[in-house]
Structure formats: C-alpha cells, structure tokens
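Q:
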Amino acid sequence: MKENMPSALAFIFLFLNISLLNGQSPPGKPEIHKCRSPDKETFTCWWNPGTDGGLPTNYSLTYSKEGEKTTHECPDYKTSGPNSCFFSKQYTSIWKIYVITVNATNQMGSSASDPLYVDVTYIVEPEPPRNLTLEVKQLKDKKTYLWIKWSPPTITDVKTGWFTMEYEIRLKSEEADEWETHFTGQQTHFKVFDLYPGQKYFVQTRCKPDHGYWSRWGQENSIEIPNDFTLKNTTVWIIVAVLSAVICLIMVWAVVLKGYSMMTCIFPPVPGPKIKGFDTHLLEVSLWKKSALIGK
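Residue numbering for the sequence shown is -23 to -1, 1 to 273, as defined by mature numbering (1 follows the signal peptide of the UniProt record, and there is no 0).
#1: Answer with buried or exposed for residue 200, where buried requires no fewer than 16 other C-beta atoms within 10 angstroms of its C-beta.
#2: Considering just the uninterrupted stretch of the beta strand (DSSP E) at residue 100, what are its terminal residues?
#3: If contacts are defined as beta-carbon pairs under 8 Å, then residue 83 and residue 3 qualify, I think. What distance do you get, rounded to the angstrom?
#4: Please list the terminal residues of the continuous beta strand (DSSP E) segment that includes residue 10.
#5: Over what stretch of residues does the beta strand (DSSP E) that includes residue 142 continue unbroken?
#6: Under the rule that 16 or more other beta-carbon atoms within 10 Å means buried, what is residue 142, buried or exposed?
#7: Could you pull the start and end residues of the beta strand (DSSP E) that residue 200 belongs to?
#8: Which residues in the same chain have their Cβ closer than 6 Å to the Cβ of residue -8, if we skip the five residues on either side of it in sequence?
#9: Which residues bound the beta strand (DSSP E) around residue 64?
#10: Classify residue 155 as buried or exposed, calling it buried when 16 or more other Cβ atoms lie within 10 Å of its own Cβ.
#11: Decide if the stretch 214 to 229 is in contact with the stretch 120 to 130; the criterion is three or more beta carbon pairs, one per stretch, under 8 Å apart.
#12: Would residue 63 and residue 57 be called neighbours here (beta carbons separated by less than 7 Å)?
#13: For the pair the stretch 70 to 78 and the stretch 91 to 101, tell me if three or more CB-CB distances fall below 8 Å.
#14: Quick check on the DSSP output: the beta strand (DSSP E) that includes residue 166 runs from which residue to which?
#15: What does the alpha-carbon distance come out to for the pair residue 209 and residue 71?
#16: When we look at the beta-carbon of residue 160 and count the other beta-carbons within 10 Å, is it buried (16 or more) or exposed?
#17: Comparing C-alpha positions only, which one of 168, 22, 7 and 46 sits nearest to residue 110?
#18: Verify whether the separation of the beta carbon atoms of residue 52 and residue 26 is less than 7 Å.
#19: By DSSP, does residue 231 sit in helix, in strand, or in coil?
#20: Can you give the beta carbon distance from residue 144 to residue 165, rounded, assuming they're within the 8 Å contact cut?
#21: Does the Cβ of residue 170 have 16 or more other Cβ atoms within 10 Å, making it buried, or fewer, making it exposed?
#22: Less than 7 Å separating the beta-carbons of residue 34 and residue 41?
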C-alpha cells in the first residue's frame, strides 16, 4: 500500500499540472447581489457567480433560520430567473433572520460566498404605484394647477395596515434637464402650481414602505398645459372691465336724471295766464300809460 502512495501522488500532481496548463481551476467565489421582498410574504435572492474555472460549475443556495440548526437548500431556482432563489409564502417567515450562502462546485473544487443575514421585514422593495393620472384644473381665482393622482401597488395590502406606504413624485418640462421631486407622505394625490402654459410635462411616481427601500420609478406619463387658460383669464378680465364701465355709465345717468328731478321740485316754473282772450300786450300798454299820468 505504501509502495503505491508515491505513484498516486504523482498522478494527482500530474493531473493538477495538466489542468492548470489547460486553464482549469476551482470556481471563483460567488457573491450574493441582493435579496428583495415585494410584499413581506415572498422574497427572492440573486447572486453573481464567480469564475467557473474553465469547467462546468454548479451553484446552490443554502440557508438556515435563526435558532435552527437545520440547513435547507433553495426551494425554487426557476421562478425568478437565472442565478436566483425564490421563497414562496410557504418558506417565508417574518421577524426571522435567514443566514444565506451560495456555493459553487466543479471538478476542481468548490467555493462559497460570504453569508448574508436577511430579515424579510427590512428587505421590502414594493412595485411602483399604478394608475397614474394627470389633469389640468383651475381654482376659483382662475389659478391653474396640475392635479396628479395614483394608486398603491396591486400586491401591497395598505388597507389593513399591513403596509404603511409613502410616496414621491417627480416631474419636469420637456425643456428642463433635471427632475423636480416632491415628497407627498401617505397621500395618493398632489397639486403642482407655477406651470408654464404651452409646455409639456412628464411625471413619475414611486413608493416606499415604513421598513424597506424605494421602489423603482413607475411608468412615465405626460400632459401639455394648454394656452387657453391664460387666454380665458384675459377674456374674463376684459368682460369684467366692460361690464364695470357700463354699470358706471348707468349710475351716472341715473344720478343726472335724479338731480334734474330735484331741481324741478325746488324751483318749479312760473305758470302762464289762464284767462282766455286775455292780451298781455294790452296790459303792458295800459300799465305804461298809468305810470305816465302819475308822473305828471
């Protein structure tokens, strides 16, 4: 037996030398890229494989839960795509720490990633908000604003309090280079003022749970602010000015007529003689003759 040991070691060294010359080696160390839960009920972990050593390499994800000694293998390698592991509701536990490791193995050896400690509650990254709608409206004082409204993600249960969701919107005009961002808290609607008529605006929304990360920005929606609102405002003011002028003229006319009536009451005209056949000219001649006789 001892006589065969040197030959066996020599064979191994020869095999290793040939493998190294052919560029073959044990697999490189994989790295767990991310673990994400969209709803606190399921989650997925993705990893980046290391080098394969020039040989077919198999990858496996193993995990154990805090307080348990049993190690389990990934229940589903297909649902979330290549280099991933999907945990359905059956395998997801809230407020439990998962210790997750990815292992790589080929004919030359094996390697393992650094362990990742995961609490599903703190890796929630929801889907973006949905049903984004845009509408241009006016206040009573004719000031224009953009009314933005949206709905929570479909799979997120916010009605029962299982989730407390916060939102952000961002918008920019077609001529702007940077987005303008607004935090809306738990509101699913928002008003934006100080818009430029004739400009086209683009809007997106995203959301974040009380524990976890912001979702990606949702689908972009756009709306053009019409110039009609400015024209309507000008027309309204013109109409108001014309009506005001007409009312002023009516009031002046009424005051003038009222003043004329008052003068007539205070200083009525002297009535003319009412005796038929009376000649005023003869009266004047008679009075003149009488005054002449008195003068003599």
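Quick reminder that beta carbons are idealized off the backbone N, C-alpha and C, glycines included.
A: Straight from the coordinates:
#1: Looking up residue 200 in the sequence shown gives position 223. When all chains shown are included, residue 200 counts as buried.
#2: Stepping through the sequence shown from its first residue, residue 100 is reached at position 123. Counting along the chain, no beta strand (DSSP E) covers residue 100, and no H or E run does either.
#3: Position 106 of the sequence shown, counted from the first residue, corresponds to residue 83. Position 26 of the sequence shown, counted from the first residue, corresponds to residue 3. Correct: roughly 7 Å between the Cβ atoms.
#4: Here residue 10 refers to the residue found at position 33 when the sequence shown is read from its first residue. First-last of the beta strand (DSSP E) with residue 10: 8 to 13.
#5: Working through the sequence shown from its first residue, we reach residue 142 at position 165. Counting along the chain, the beta strand (DSSP E) containing residue 142 begins and ends at 142 to 150.
#6: Here residue 142 is taken as the residue at index 165 of the sequence shown, counted from 1. Residue 142 comes out buried.
#7: Start at 1 with the first residue of the sequence shown, and residue 200 comes out as number 223. For residue 200, the enclosing beta strand (DSSP E) covers residues 198 to 201.
#8: Mapped onto the sequence shown, residue -8 falls at position 16. Reliability of the predicted coordinates at residue -8 is poor, the pLDDT of 46 falling under 50, and the value obtained from them is presented with this limitation in mind. Once the five neighbours on either side are set aside, residue -8 has no close Cβ partner at all.
#9: Against the sequence shown, residue 64 aligns to sequence position 87. Residues 61 to 64.
#10: Residue 155 sits at position 178 when you count from the first residue of the sequence shown. Counting Cβ neighbours within 10 Å, residue 155 comes out exposed, since fewer than 16 surround it.
#11: Taking 8 Å as the limit for Cβ pairs, the verdict is that the stretch 120 to 130 does not touch the stretch 214 to 229.
#12: Numbered from 1 along the sequence shown, position 86 holds the residue referred to as residue 63. Numbered from 1 along the sequence shown, position 80 holds the residue referred to as residue 57. Less than 7 Å separates the beta-carbon of residue 63 from that of residue 57.
#13: Between the stretch 70 to 78 and the stretch 91 to 101, the count of Cβ pairs shorter than 8 Å is three or higher; the stretches touch.
#14: Looking up residue 166 in the sequence shown gives position 189. Where residue 166 is concerned, the enclosing beta strand (DSSP E) stretches over 166 to 169.
#15: Stepping through the sequence shown from its first residue, residue 209 is reached at position 232. Stepping through the sequence shown from its first residue, residue 71 is reached at position 94. The pLDDT assigned to residue 209 is 47, lower than 50, so where the model puts this residue is not dependable, and the model offers no usable value.
#16: The sequence position of residue 160 within the sequence shown is 183, counting from 1. Taking a 10 Å sphere around the C-beta of residue 160, we find fewer than 16 other C-beta atoms and assign the residue as exposed.
#17: For the purposes of this step, residue 110 is taken as the residue at position 133 of the sequence shown. With distances taken between Cα atoms, residue 110 lies closest to 168.
#18: Against the sequence shown, residue 52 aligns to sequence position 75. Against the sequence shown, residue 26 aligns to sequence position 49. In this structure, residue 26 does not lie closer than 7 Å to residue 52 by Cβ.
#19: Walking along the sequence shown from the start, residue 231 turns up at place 254. If DSSP states are grouped into helix, strand and coil, residue 231 belongs with the helices.
#20: Taking the first residue of the sequence shown as position 1, residue 144 is located at position 167. Taking the first residue of the sequence shown as position 1, residue 165 is located at position 188. That pair is a contact at about 7 Å.
#21: In the sequence shown, counting from the first residue as 1, residue 170 sits at position 193. Burial call: exposed.
#22: Counting from one through the sequence shown, the residue named residue 34 turns up at place 57. Counting from one through the sequence shown, the residue named residue 41 turns up at place 64. Not in contact: residue 34 and residue 41 (Cβ atoms no closer than 7 Å).
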